[in-house]
Amino acid sequence: MDLKNINPFIDAVTEILPQFGFQSLIQKGFSEKSKKIIASGVVITLGIVGDKKGNVVYCINQEGAKQIASIMMMGMPVEELDDMAQSALSELSNMLTANACINFSKEAVNVDISVPTLLFGENIELNLNKEEIICVEFDVDGIKMEICVALV
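Residue numbers for the sequence shown, in the UniProt record's numbering: 1 to 152.
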(Lines of atoms letter the chains of each structure in order from A and count residues from 1; the text may use other names and numbers.)
(Lines give C-alpha, C1' and ligand atoms only; values in the text may rest on other atoms or scores of the structure.)
Protein backbone atom coordinates (compact mmCIF):
# COMPACT_ATOMS: atom_id res chain seq x y z
CA MET A 1 0.00 0.00 0.00
CA ASP A 2 1.56 3.26 -1.16
CA LEU A 3 0.70 6.02 1.33
CA LYS A 4 2.28 8.99 -0.47
CA ASN A 5 -1.10 10.13 -1.83
CA ILE A 6 -2.88 10.05 1.53
CA ASN A 7 -0.17 11.54 3.74
CA PRO A 8 -0.97 15.16 2.71
CA PHE A 9 -4.57 14.59 3.84
CA ILE A 10 -3.47 13.10 7.17
CA ASP A 11 -1.29 16.15 7.73
CA ALA A 12 -4.23 18.41 6.82
CA VAL A 13 -6.46 16.77 9.45
CA THR A 14 -3.82 17.22 12.15
CA GLU A 15 -3.22 20.85 11.12
CA ILE A 16 -6.80 22.07 10.54
CA LEU A 17 -9.09 20.30 13.04
CA PRO A 18 -7.30 21.55 16.19
CA GLN A 19 -7.93 25.10 14.97
CA PHE A 20 -11.66 24.46 15.52
CA GLY A 21 -11.14 23.14 19.02
CA PHE A 22 -10.98 19.41 18.34
CA GLN A 23 -8.63 18.02 20.95
CA SER A 24 -8.30 14.29 20.38
CA LEU A 25 -7.22 13.20 16.89
CA ILE A 26 -6.40 9.51 16.84
CA GLN A 27 -5.36 7.90 13.57
CA LYS A 28 -6.92 4.43 13.71
CA GLY A 29 -5.39 2.75 10.68
CA PHE A 30 -5.33 2.30 6.94
CA SER A 31 -7.42 0.18 4.60
CA GLU A 32 -7.68 -0.43 0.89
CA LYS A 33 -10.83 -0.52 -1.14
CA SER A 34 -11.24 -1.57 -4.72
CA LYS A 35 -12.87 1.02 -6.99
CA LYS A 36 -15.99 1.37 -4.83
CA ILE A 37 -16.90 3.08 -1.55
CA ILE A 38 -20.12 2.22 0.26
CA ALA A 39 -20.93 4.41 3.25
CA SER A 40 -23.86 5.56 5.36
CA GLY A 41 -24.21 8.97 6.94
CA VAL A 42 -22.56 11.95 5.27
CA VAL A 43 -20.28 11.52 2.28
CA ILE A 44 -18.45 14.50 0.80
CA THR A 45 -16.43 14.10 -2.38
CA LEU A 46 -14.10 16.54 -4.12
CA GLY A 47 -12.27 16.19 -7.41
CA ILE A 48 -8.52 16.66 -7.65
CA VAL A 49 -6.92 17.92 -10.89
CA GLY A 50 -3.41 18.84 -11.97
CA ASP A 51 -0.28 16.72 -11.59
CA LYS A 52 -2.49 14.13 -9.87
CA LYS A 53 -6.08 13.40 -10.80
CA GLY A 54 -8.88 11.70 -8.94
CA ASN A 55 -11.03 12.12 -5.86
CA VAL A 56 -10.98 12.45 -2.10
CA VAL A 57 -13.99 11.24 -0.14
CA TYR A 58 -14.80 12.11 3.48
CA CYS A 59 -17.22 9.74 5.28
CA ILE A 60 -18.80 10.58 8.66
CA ASN A 61 -21.81 9.01 10.35
CA GLN A 62 -24.83 11.30 10.56
CA GLU A 63 -24.66 12.00 14.31
CA GLY A 64 -20.93 12.69 14.09
CA ALA A 65 -21.54 15.03 11.17
CA LYS A 66 -24.06 16.97 13.28
CA GLN A 67 -21.50 17.28 16.08
CA ILE A 68 -18.81 18.50 13.68
CA ALA A 69 -21.21 20.99 12.08
CA SER A 70 -22.14 22.30 15.54
CA ILE A 71 -18.48 22.85 16.41
CA MET A 72 -17.89 24.53 13.04
CA MET A 73 -20.82 26.86 13.82
CA MET A 74 -19.40 27.92 17.21
CA GLY A 75 -21.50 25.50 19.27
CA MET A 76 -24.87 26.25 17.68
CA PRO A 77 -27.07 23.15 18.20
CA VAL A 78 -27.52 21.05 15.05
CA GLU A 79 -30.61 18.85 15.23
CA GLU A 80 -30.75 18.09 11.50
CA LEU A 81 -28.47 18.42 8.52
CA ASP A 82 -30.09 21.56 7.17
CA ASP A 83 -28.51 23.88 4.60
CA MET A 84 -26.38 25.65 7.21
CA ALA A 85 -24.99 22.39 8.63
CA GLN A 86 -24.31 21.05 5.13
CA SER A 87 -22.52 24.27 4.26
CA ALA A 88 -20.32 23.98 7.37
CA LEU A 89 -19.38 20.39 6.52
CA SER A 90 -18.68 21.29 2.89
CA GLU A 91 -16.48 24.16 4.01
CA LEU A 92 -14.53 21.85 6.30
CA SER A 93 -13.93 19.48 3.38
CA ASN A 94 -12.73 22.49 1.34
CA MET A 95 -10.31 23.51 4.10
CA LEU A 96 -8.92 20.01 4.57
CA THR A 97 -8.51 19.37 0.85
CA ALA A 98 -7.02 22.80 0.12
CA ASN A 99 -4.53 22.25 2.94
CA ALA A 100 -3.66 18.85 1.44
CA CYS A 101 -3.02 20.64 -1.87
CA ILE A 102 -0.60 22.97 -0.08
CA ASN A 103 1.09 19.90 1.40
CA PHE A 104 1.38 18.35 -2.09
CA SER A 105 2.95 21.59 -3.38
CA LYS A 106 5.73 21.21 -0.80
CA GLU A 107 6.69 18.09 -2.76
CA ALA A 108 6.51 19.99 -6.11
CA VAL A 109 3.16 18.37 -6.95
CA ASN A 110 0.67 20.97 -8.18
CA VAL A 111 -3.00 20.13 -7.77
CA ASP A 112 -6.30 21.97 -7.49
CA ILE A 113 -9.73 20.98 -6.19
CA SER A 114 -13.33 21.05 -7.36
CA VAL A 115 -16.26 22.23 -5.28
CA PRO A 116 -17.49 19.61 -2.81
CA THR A 117 -20.48 17.38 -3.40
CA LEU A 118 -22.26 16.41 -0.19
CA LEU A 119 -24.53 13.37 0.00
CA PHE A 120 -26.25 11.88 3.01
CA GLY A 121 -28.30 8.76 3.51
CA GLU A 122 -27.86 5.02 3.86
CA ASN A 123 -25.65 2.78 1.71
CA ILE A 124 -24.31 5.53 -0.54
CA GLU A 125 -22.27 3.89 -3.27
CA LEU A 126 -19.48 5.73 -5.11
CA ASN A 127 -17.53 4.24 -7.99
CA LEU A 128 -14.17 5.96 -8.35
CA ASN A 129 -11.71 6.12 -11.23
CA LYS A 130 -8.92 4.11 -9.64
CA GLU A 131 -8.67 0.43 -8.79
CA GLU A 132 -6.87 1.08 -5.49
CA ILE A 133 -8.45 3.46 -2.98
CA ILE A 134 -6.41 4.17 0.15
CA CYS A 135 -8.42 5.06 3.26
CA VAL A 136 -7.46 6.26 6.72
CA GLU A 137 -9.80 6.30 9.70
CA PHE A 138 -9.63 8.91 12.44
CA ASP A 139 -11.30 9.16 15.81
CA VAL A 140 -11.93 12.90 16.21
CA ASP A 141 -13.13 13.58 19.75
CA GLY A 142 -15.08 10.29 19.59
CA ILE A 143 -16.39 10.89 16.05
CA LYS A 144 -15.40 8.38 13.38
CA MET A 145 -14.14 10.04 10.18
CA GLU A 146 -12.82 8.12 7.21
CA ILE A 147 -10.86 9.76 4.39
CA CYS A 148 -10.48 7.84 1.14
CA VAL A 149 -8.12 8.96 -1.61
CA ALA A 150 -8.08 7.71 -5.20
CA LEU A 151 -5.40 9.54 -7.21
CA VAL A 152 -3.50 8.67 -10.37
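Ideal placement from N, C-alpha and C gives every residue a C-beta, glycine not left out.
The beta carbons of G41 and I48 sit no closer together than 8 Å.
V43 is bridged by DSSP to C59, L119.
Residue state for G142 is assigned as coil, using DSSP reduced to three classes. The beta-carbon separation of I37 and F138, rounded to 16 Å, does not stay under the 8 Å limit for a contact. Assigned with DSSP and collapsed to three states, N99 falls in helix. Nearest Cα to Y58 within the set V115, K28, S93, D82: S93. In this structure, L126 sits away from I44, with a CB-CB distance that is not shorter than 8 Å. Around E32, the same chain offers M1, E132, I133, I134, C135 as residues with beta carbons nearer than 8 Å, after the five sequence neighbours per side are excluded. Residue environment analysis places E146 among the buried positions, since at least 16 neighbouring C-beta atoms fall within 10 angstroms of its C-beta. Contact check between the segment 8 to 22 and the segment 98 to 110: three or more CB pairs, one atom from each, fall below 8 Å, which counts as touching. For Q27, DSSP records a beta bridge to F138. Only exposed fits M74, as fewer than 16 other CB atoms lie within 10 angstroms of its CB. Straight-line spacing of the CA atoms in N99 and G142 works out to 23 Å.
With fewer than 16 other Cβ atoms inside 10 Å of its own Cβ, S24 counts as exposed.
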